[in-house]
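Student:
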Amino acid sequence: MTTTLINHIEITPETCGGKPRIAGHRIKVQDVVIWHERLGMSPDEIVYHYPSITLADVYAALSYYHDHLEEIRQQITDDDTFAKEMQAKTPSLVQEKLKKMNGQ
Numbered sequence: 003m004t005t006t007l008i009n010h011i012e013i014t015p016e017t018c019g020g021k022p023r024i025a026g027h028r029i030k031v032q033d034v035v036i037w038h039e040r041l042g043m044s045p046d047e048i049v050y051h052y053p054s055i056t057l058a059d060v061y062a063a064l065s066y067y068h069d070h071l072e073e074i075r076q077q078i079t080d081d082d083t084f085a086k087e088m089q090a091k092t093p094s095l096v097q098e099k100l101k102k103m104n105g106q
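Here the working numbering = 1-based position in the sequence shown + 2.
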């Protein structure tokens, strides 16, 4: 079952882990938030880099974010934590080669 919100945002349990995303795409609301807030991209720049979405999609994602701040911020924090855990568990092959070259 798909829930569509604001005609641009949908939540589908089997897609993107059930996280809110732009309808018809695998671009999550949290992706748009990160591009906008962390990377400083304007909505126009986001559409330029992802031309399959519209300016209305980007603004809908940002609107959804502002209506669900706690939820989206928690998703971002959880994903950041997971990424850090995976990095700690999986050493970089380049780093391993450099250590071997330096005799460490």
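Each residue gets a CB set at the ideal place from its N, CA and C atoms; glycine is no exception.
Rounding to the nearest angstrom, what Cα-Cα distance links Ile74 and Tyr67 in this structure?
Tutor: If you take the alpha carbons of Ile74 and Tyr67, they lie about 6 angstroms apart.
Student: What separation, rounded to the nearest whole angstrom, lies between the Cα atoms of Val2 and Ile78?
Tutor: In this structure the chain extends from 3 to 106, so residue 2 is not present and cannot be described.
Student: Can you grab the Cα-Cα spacing for the pair His38 / Pro45, in whole Å?
Tutor: Cα to Cα, His38 sits roughly 7 angstroms from Pro45.
Student: With a 10 Å radius around its C-beta and 16 neighbouring C-beta atoms as the bar for buried, classify Pro53 as buried or exposed.
Tutor: With fewer than 16 other Cβ atoms within 10 Å, it is exposed.
Student: Once DSSP output is grouped into helix, strand and coil, what is the label at Lys21?
Tutor: The answer is coil: DSSP assigns Lys21 none of H, G, I, E or B.
Student: Let me check one thing: in DSSP terms, what residues is Lys30 bridge-paired to?
Tutor: Beta-bridge pairing links Lys30 to Arg23.
Student: Quick one: residues in its chain with C-beta nearer than 8 angstroms to the C-beta of Lys21, no 5 flanking neighbours on either side, listed in chain order?
Tutor: If we look at Lys21 and ignore the five residues flanking it on each side, its Cβ neighbours are Ile13, Lys30, Val31, Gln32, Gln77.
Student: Are there 16 or more other CB atoms within 10 angstroms of the CB of Val35, so buried, or fewer, so exposed?
Tutor: Flag for Val35 reads buried.
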